[in-house]
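Colleague:
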Amino acid sequence: MLGLEKKDVTLLAVVALLAFAAPFILNPFPEGSEMAQFNAGYPDLMQRFVIFGIFAIGYNILFGLTGYLSFGHAAFLGVGSYSAVWMFKLLSMNVIPAIILSIIVAGLFSLVIGFVSLRRSGIYFSILTLAFAQMSFNLAYSVLTPITNGETGLQLTLNDPRILGASTGADGSIPVTSLFGIEMRSTYEMHAGAWLFQFNAGYYVCAIILVAAFYLAMRIFRSPFGLMLRAVKTNQTRLNYTGLNARPYTLAAFVISGMYAGLAGGLMASMDPLAGADRMQWTASGEVVLMTILGGTGTLLGPVLGAGFIKYFENIFSKINDNVLHGWFAALPDGLEDTLVFIVHPFVGKGWNMTLGLMFMAVVIFLPGGLMEGGQRLAKLFRKKDKPSGDDSEHHPKQAPHVAE
Amino acid sequence: MSKTTLTRRGVLKTGAVAGSGLALPTIFTASSASAFTNEPTGGSVTFGFNVPQTGPYADEGADELRAYELAVEHLNGDGDGGMLNTFSSKALQGNGILGKKVDFVTGDTQTKSDAARASAKSMIEKDGAIMITGGSSSGVAVAVQGLCQEAGVIFMAALTHSNDTTGKDKKANGFRHFFNAYMSGAALAPVLAKRYGSDRRAYHLTADYTWGWTQEESIAAATEAFGWETVEKVRTPLAATDFSSYIAPVLNSGADVLILNHYGGNMVNSLTNAVQFGLRDKMVNGKQFEIVVPLYSELMAKGAGENIKGILGSTNWSWTLQDEGTKAFVKSFGTKYGFPPSNAAQTSYAQTILYADAVARAGSFNPCAVVEALEGFEFDGLGNGPTLYRAEDHQCFKDVLVMQGKENPANEYDLLEIVDITPRAQVEYAPDHPMFAGGSLGKCNPGA
Chain G
1 MLGLEKKDVT
11 LLAVVALLAF
21 AAPFILNPFP
31 EGSEMAQFNA
41 GYPDLMQRFV
51 IFGIFAIGYN
61 ILFGLTGYLS
71 FGHAAFLGVG
81 SYSAVWMFKL
91 LSMNVIPAII
101 LSIIVAGLFS
111 LVIGFVSLRR
121 SGIYFSILTL
131 AFAQMSFNLA
141 YSVLTPITNG
151 ETGLQLTLND
161 PRILGASTGA
171 DGSIPVTSLF
181 GIEMRSTYEM
191 HAGAWLFQFN
201 AGYYVCAIIL
211 VAAFYLAMRI
221 FRSPFGLMLR
231 AVKTNQTRLN
241 YTGLNARPYT
251 LAAFVISGMY
261 AGLAGGLMAS
271 MDPLAGADRM
281 QWTASGEVVL
291 MTILGGTGTL
301 LGPVLGAGFI
311 KYFENIFSKI
321 NDNVLHGWFA
331 ALPDGLEDTL
341 VFIVHPFVGK
351 GWNMTLGLMF
361 MAVVIFLPGG
371 LMEGGQRLAK
381 LFRKKDKPSG
391 DDSEHHPKQA
401 PHVAE
Chain L
1 MSKTTLTRRG
11 VLKTGAVAGS
21 GLALPTIFTA
31 SSASAFTNEP
41 TGGSVTFGFN
51 VPQTGPYADE
61 GADELRAYEL
71 AVEHLNGDGD
81 GGMLNTFSSK
91 ALQGNGILGK
101 KVDFVTGDTQ
111 TKSDAARASA
121 KSMIEKDGAI
131 MITGGSSSGV
141 AVAVQGLCQE
151 AGVIFMAALT
161 HSNDTTGKDK
171 KANGFRHFFN
181 AYMSGAALAP
191 VLAKRYGSDR
201 RAYHLTADYT
211 WGWTQEESIA
221 AATEAFGWET
231 VEKVRTPLAA
241 TDFSSYIAPV
251 LNSGADVLIL
261 NHYGGNMVNS
271 LTNAVQFGLR
281 DKMVNGKQFE
291 IVVPLYSELM
301 AKGAGENIKG
311 ILGSTNWSWT
321 LQDEGTKAFV
331 KSFGTKYGFP
341 PSNAAQTSYA
351 QTILYADAVA
361 RAGSFNPCAV
371 VEALEGFEFD
381 GLGNGPTLYR
391 AEDHQCFKDV
401 LVMQGKENPA
411 NEYDLLEIVD
421 ITPRAQVEYA
431 PDHPMFAGGS
441 LGKCNPGA
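Here the protein sequences line up with chains G and L, keeping their order.
Quick note: the first sequence, position 100, residue 100 per UniProt numbering, numbers continuous.
Quick note: the second sequence, position 72, residue 72 per UniProt numbering, numbers continuous.
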């Protein structure tokens with residue numbers, strides 16, 4: 001079906017199911033309970049999960065398949081955002097033209113940067129991309145302020161032209177982004193007993209695009225082109241000796257992943273029409289590298305999981321303050337309560353970075369294949385009984401995880 | 001390729017399951033129509049405190065958070081009541097707001113517009129915050145203010161000094177108590193002219209982003225009105241940590257005053273470099289060379305240490321003031337935390353109280369009612385003397401302090417002394433002043 005093998009169809013179906021049922025899955029705890037703190041099923045965070053998922057899927061096409069470690073992908077995300085916001089300012093509030101323009105602009109931009117950077121490989125390539133991204137960030141932050149509005153970020157105003165739409169909404173405020181009349185911010189709230197589930201129009205637009213992006217990535221992974229990219233990763237020199245020029249392939253992969261990043265940037269701006277320069281900072285580029293490695297480099301699902309993981313920490317753990325901690329441990333005797341709060345305190349709230357760092361270290365040390373490897377090991381643990389393996393695992397090269405898993 | 005086989009039974013089964021699945025939500029749906037976003041229905045109301053907890057302004061953020069927690073305590077009737085006792089409006093009873101207990105959630109802005117908006121959105125969408133306050137950079141404040149306008153909640157800006165916040169980026173749902181770059185210039189220039197004479201030549205080093213530019217524009221215009229000449233305006237990258245290469249040309253430019261339009265770590269570094277180069281011991285054009293820092297903060301003063309002595313700048317407020325409001329606030333802050341509050345803490349505290357009071361006077365949490373109650377509101381007793389929340393741009397007008405680095409500080413918190421309290425009339429400007437023109441408040445948005 002869809003030109004995929006059965007196993008892949010299942011994987012795609014699982015991704016689609018997860019994406020569409022996310023409002024339920026991410027809100028496991030009843031509203032108002034102590035655990036509600038850990039709910040992640042509100043529109044903004046769900047949108048971020050999916051958007052960064054798309055970003056990481058695209059990044060993985062470059063990093064996972066060709067092994068080229070780019071440290072500048074945030075620049076494409078930023079360029080995509082700026083193009084989308086300009087589209088909202090000049091043309092209309094419909095998200096379709098904005099997203100299309102952001103993909104095109106990011107594609108062109110990545111073509112230029114890729115063309116220059118791909119002349120080198122390894123660390124030199126990483127440094128080149130990093131340099132380009134930092135250059136873009138600094139330009140956006142100050143020099144190009146007329147286009148990017150500098151530190152404040154590009155925002156919509158009441159006196160934007162919007163040729164195909166209205167400059168002001170019906171009630172005199174700035175109009176909101178929409179898809180042929182469906183407002184991206186409109187949310188349907190469902191109360192089911194103690195639970196509250198939020199279904200956001202913008203989220204579902206993102207989710208549909210995520211499934212499409214995932215499908216496309218799957219097709220690329222399975223195509224002869226994907227095989228060629230994997231050959232580049234395995235041994236580029238040998239590939240050259242066979243008379244093949246690898247550069248067009250790597251450049252194509254670079255541009256495709258740049259376009260994915262542009263798509264993510266355009267979606268981000270569509271959900272929340274603002275583009276800030278800090279979206280292009282090197283920390284943002286580093287973030288997508290972390291997402292990919294955390295989830296599992298070269299796997300299809302891994303980067304999406306990694307993206308969700310990091311965004312969850314950033315948004316949920318950073319909001320746990322001392323007040324909340326005291327609430328949790330209130331039932332305990334005073335001395336014990338304070339001790340526990342004191343122990344937990346450095347890891348939550350402003351310490352969310354540290355918790356994430358520790359998790360990352362643990363994953364890299366114990367699960368080099370990322371969260372996906374963790375999942376596989378668990379699966380193997382349960383499957384061991386019915387599949388007696390004859391080989392001595394101690395003296396056997398570890399099998400590389402299948403790229404689809 | 002795989003082949004999917006459809007059986008009659010399978011299709012029927014799937015159809016039945018899917019149908020009941022689709023019907024399920026409607027069973028539970030209870031439409032909760034509310035007049036505005038996050039209308040508080042229970043016995044409590046939630047505020048969102050969105051401050052930088054990581055990144056370059058984490059210190060300011062921590063102090064803001066302390067003040068917010070103190071304000072919530074006072075609003076709920078705990079503690080000694082602080083400035084509630086000296087505040088001119090007596091609408092607040094110390095039993096929460098309109099009988100509802102005040103709760104709060106916190107978030108980390110990381111001093112990035114994106115992260116700040118994500119954090120504010122989660123407060124609005126997940127925690128049901130009715131008001132967002134915080135920010136310690138103008139970029140973040142403007143970004144979050146725009147978000148709150150769209151979402152239909154009130155934004156009470158804390159630490160943001162750029163003209164744009166209540167200038168070209170002003171919003172009907174946003175309010176600023178802190179002073180701005182124009183006021184810094186207007187307050188500082190007369191003192192500079194009096195002390196250093198009116199025939200000075202100024203050299204500007206400016207952080208290369210929006211706030212730096214408005215600060216530079218404001219102070220240059222204000223000093224030029226007193227006869228000063230602007231020799232050169234040099235932009236420095238925000239990420240710069242070593243300013244020696246920018247200081248050296250100052251010596252050869254013929255300037256006799258250096259104005260540092262820097263904030264935070266930038267200012268600490270540039271001032272330190274300038275002092276190390278011996279600028280302050282130089283005689284240029286027969287006059288003593290001087291350094292000016294238009295925007296001061298206690299935390300910056302601490303960072304710059306010895307170098308700050310005798311250097312002029314401006315602040316919104318100082319804990320050394322002697323009015324009743326300040327004394328009450330410093331006392332309750334000191335009792336709780338053991339040290340005096342900073343500028344940032346005072347404006348955060350004041351904003352929380354002002355919002356609560358506006359709700360109490362309006363008798364409703366509806367953002368539009370709150371906007372109406374705050375517009376044109378005159379009050380006193382929050383540490384800044386008589387203050388007006390101007391209706392035209394939602395900016396507070398009050399006295400501005402000109403401060404100087406103290407020669408002999410008594411302790412590590414006593415680093416700045418008040419040189420002059422510039423009266424409100426002197427820092428006022430027309431709402432359509434060119435430095436603030438270009439934006440419009442729009443209409444208040446109560447949201448869904």
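Just so it is clear, CB atoms sit at the ideal spot from N, CA and C, and this is done for glycine as well.
1) Starting from L:Thr335 and walking both ways along the beta strand (DSSP E), at which residues does that stretch end?
2) If you measure between the beta carbons of G:Ser108 and G:Met87, is that distance less than 7 Å?
3) Along the alpha helix (DSSP H) that carries G:Arg238, what are the first and last residues, could you check?
4) So is L:Leu22 in contact with chain G if we call contact Cβ pairs under 7 Å?
5) Taking its Cβ as the centre, do 16 or more other Cβ atoms sit within 10 Å of G:Thr129, making it buried, or is it exposed?
6) Work out the CA separation of L:Glu60 and L:Pro52 for me, nearest whole Å.
7) If we cut at 7 Å on Cβ distances, does L:Lys126 have a partner in chain G?
8) Which stretch, first to last residue, makes up the beta strand (DSSP E) that contains L:Thr230?
9) Does the count of Cβ pairs from the region 405-420 of chain L and the region 305-324 of chain L closer than 8 Å reach three?
10) From this set, G:Ile61, G:Ile103, G:Asn94, G:Phe214, which residue's C-alpha is nearest G:Ala75's C-alpha?
11) Of all the CB atoms in chain G, is at least one closer than 7 Å to the CB of L:Gly209?
12) When the cut-off is 7 Å and only beta carbons count, does L:Thr67 lie next to chain G?
13) Alpha carbon to alpha carbon, how far is G:Ala284 from G:Gly3? Give it in angstroms, no decimals.
14) Is it buried or exposed for L:Lys331, if we count other Cβ within 10 angstroms and need 16 for buried?
15) For the region 280-294 of chain G against the region 309-329 of chain G, are there 3 or more C-beta pairs whose distance is under 8 Å?
16) Who are the neighbours of G:Lys89 on chain L, taking C-beta pairs under 8 Å?
17) Taking the alpha helix (DSSP H) that L:Phe155 falls in, what are its first and last residues?
18) Where does G:Tyr141 land, buried or exposed, given buried means 16+ other C-beta within 10 angstroms?
19) Just by C-beta distance, which residues in the region 406-420 of chain L are closer than 8 Å to chain G?
20) Helix, strand or coil for G:Glu31? Go by DSSP, reduced to three states.
21) Using 7 Å as the threshold, is the C-beta distance between L:Gly55 and L:Thr111 below it?
22) Distance cutoff 7 Å, beta carbons only. Does L:Gly442 sit that close to anything in chain G?
23) Could you name the residues of chain L that G:Gly349 contacts, counting a contact when the two beta carbons are closer than 9 Å?
24) Can you tell me whether L:Pro294 is helix, strand or coil according to DSSP?
25) Can you tell me whether residue 407 of chain G is helix, strand or coil according to DSSP?
26) Starting from L:Arg117, find everything on chain G with Cβ-Cβ shorter than 7 Å and list it in chain order.
27) Could you tell me which chain G residues have their CB closer than 9 Å to the CB of L:Ser314, listed as they occur along the chain?
28) Please classify L:Ala220: does DSSP put it in a helix, a strand, or coil?
29) Can you find at least 3 beta carbon pairs, one from the region 210-226 of chain L and one from the region 335-342 of chain L, that sit closer than 8 Å?
30) Under a three-way DSSP split, which group does L:Tyr209 fall into?
31) Who are L:Gln93's beta bridge partners in DSSP?
32) Whole angstroms are fine: how far does the CA of G:Pro273 sit from the CA of G:Ile220?
33) Kindly list the residues whose CB is nearer than 8 Å to the CB of G:Leu12, restricted to its own chain and excluding five residues on each side of it in sequence; keep chain order.
34) Quick one: using the 10 Å Cβ neighbour count with 16 as the cut-off for buried, is G:Thr250 buried or exposed?
35) How is L:Lys443 classed by DSSP in three states: helix, strand or coil?
36) How would you write the range of the alpha helix (DSSP H) that G:Asn60 sits in, first residue to last?
Modeller: Straight from the coordinates:
1) Within the second sequence, residue 335 of chain L is the residue found at index 335, counting from 1. If you look at L:Thr335, you'll find it isn't in any beta strand (DSSP E); it sits in the alpha helix (DSSP H) that goes 324-337.
2) Counting from 1 along the first sequence, the entry for residue 108 of chain G is found at position 108. Counting from 1 along the first sequence, the entry for residue 87 of chain G is found at position 87. Checking the sequence, you will find Leu at residue 108 of chain G rather than Ser. The beta carbons of G:Leu108 and G:Met87 sit no closer together than 7 Å.
3) Start at 1 with the first residue of the first sequence, and residue 238 of chain G comes out as number 238. It spans 236-241 - the alpha helix (DSSP H) in which G:Arg238 sits, taken as one unbroken run.
4) Indexing the second sequence from 1 puts residue 22 of chain L at position 22. Residue confidence for L:Leu22 is low, a pLDDT of 48 falling below 50, so the modelled location carries little weight and cannot support an answer.
5) Along the first sequence, one-based indexing puts residue 129 of chain G at 129. Taking all protein chains in view, the Cβ of G:Thr129 is crowded by 16 or more other Cβ atoms within 10 Å, so the residue is classified as buried.
6) As a first step, residue 52 of chain L must be located in the second sequence, where it is residue number 52. As a first step, residue 60 of chain L must be located in the second sequence, where it is residue number 60. Put simply, the backbone Cα of L:Pro52 is about 8 Å away from that of L:Glu60.
7) As a working note, residue 126 of chain L is residue 126 in the second sequence. True, the Cβ-Cβ gap to chain G drops below 7 Å.
8) Along the second sequence, read from residue 1 onward, the residue named residue 230 of chain L stands at position 230. Element bounds for L:Thr230: 229-236.
9) By the Cβ rule, the region 405-420 of chain L counts as touching the region 305-324 of chain L, because three or more pairs are nearer than 8 Å.
10) The count along the first sequence starts at 1 and reaches residue 75 of chain G at position 75. Of the candidates G:Ile61, G:Ile103, G:Asn94, G:Phe214, the residue whose Cα lies closest to the Cα of G:Ala75 is G:Ile103.
11) Counting from one through the second sequence, the residue named residue 209 of chain L turns up at place 209. The identity of residue 209 of chain L in the sequence shown is Tyr, whereas the question assumes Gly. Chain G contact via Cβ: present.
12) For the purposes of this step, residue 67 of chain L is taken as the residue at position 67 of the second sequence. The question names Thr, but residue 67 of chain L is Ala in the sequence shown. Taking CB atoms only, L:Ala67 has no neighbour in chain G less than 7 Å away.
13) For the purposes of this step, residue 3 of chain G is identified with residue 3 of the first sequence, where counting begins at 1. For the purposes of this step, residue 284 of chain G is identified with residue 284 of the first sequence, where counting begins at 1. When rounded, the distance between both Cα atoms is 35 Å.
14) The residue given as residue 331 of chain L occupies position 331 in the second sequence. Flag for L:Lys331 reads exposed.
15) The region 280-294 of chain G, when compared against the region 309-329 of chain G, does touch it at the 8 Å Cβ threshold.
16) As a working mapping, residue 89 of chain G is identified with position 89 in the first sequence. Ordered by position in chain L, no residue passes the 8 Å Cβ test against G:Lys89, which lies about 13 Å from the chain.
17) On the second sequence, residue 155 of chain L is found 155 positions in, with the first residue counted as 1. No alpha helix (DSSP H) contains L:Phe155, which is instead part of the beta strand (DSSP E) from 154-157.
18) Within the first sequence, the letter at position 141 stands for residue 141 of chain G. With 16 or more other Cβ atoms within 10 Å, it is buried.
19) Hits within the stretch: zero.
20) As a working mapping, residue 31 of chain G is identified with position 31 in the first sequence. Shown here, G:Glu31 sits in coil according to DSSP, grouped into three states, outside any helix or strand.
21) Reading the second sequence from its first residue, position 55 is the one you call residue 55 of chain L. Reading the second sequence from its first residue, position 111 is the one you call residue 111 of chain L. Taking the C-beta atoms as reference points, L:Thr111 is found nearer than 7 Å to L:Gly55.
22) Here residue 442 of chain L refers to the residue found at position 442 when the second sequence is read from its first residue. At least one CB of chain G lies nearer than 7 Å to the CB of L:Gly442.
23) Within the first sequence, the letter at position 349 stands for residue 349 of chain G. Ordered by position in chain L, the residues that pass the 9 Å Cβ test against G:Gly349 are Gln53, Thr106, Asp108.
24) As a first step, residue 294 of chain L is located in the second sequence; it is residue number 294 there, counting from the start. Assigned with DSSP and collapsed to three states, L:Pro294 falls in strand.
25) This structure cannot settle anything about residue 407 of chain G, because the visible part of chain G is limited to 1 through 405.
26) What you label residue 117 of chain L is simply residue 117 of the second sequence in a count that begins at 1. From the beta-carbon of L:Arg117, the residues of chain G found nearer than 7 Å are Asp272, Leu274.
27) On the second sequence, residue 314 of chain L is found 314 positions in, with the first residue counted as 1. When 9 Å is used as the limit between beta carbons, L:Ser314 is near no residue of chain G, the shortest such separation being about 21 Å.
28) In the second sequence, counting from the first residue as 1, residue 220 of chain L sits at position 220. For L:Ala220, the three-state secondary structure derived from DSSP is helix.
29) No, the region 210-226 of chain L is not in contact with the region 335-342 of chain L.
30) Numbered from its first residue, the second sequence carries residue 209 of chain L at position 209. The three-state secondary structure of L:Tyr209, taken from DSSP, is coil.
31) Taking the first residue of the second sequence as 1, we reach residue 93 of chain L at position 93. According to the DSSP secondary-structure assignment, L:Gln93 is paired through a beta bridge with no residue.
32) The residue labelled residue 220 of chain G in the question sits at position 220 within the first sequence. The residue labelled residue 273 of chain G in the question sits at position 273 within the first sequence. Looking at the two C-alpha atoms, the distance is approximately 31 Å.
33) On the first sequence, position 12 is the one that residue 12 of chain G refers to. Correct list, in chain order: Leu2, Leu4, Val211, Phe214, Tyr215, Met218.
34) The residue you call residue 250 of chain G lines up with position 250 of the first sequence. Burial call: buried.
35) Position 443 of the second sequence, counting from 1, holds the residue named residue 443 of chain L. Reduced to three states, the DSSP call for L:Lys443 is coil.
36) Counting from one through the first sequence, the residue named residue 60 of chain G turns up at place 60. Counting along the chain, the alpha helix (DSSP H) containing G:Asn60 begins and ends at 43-66.
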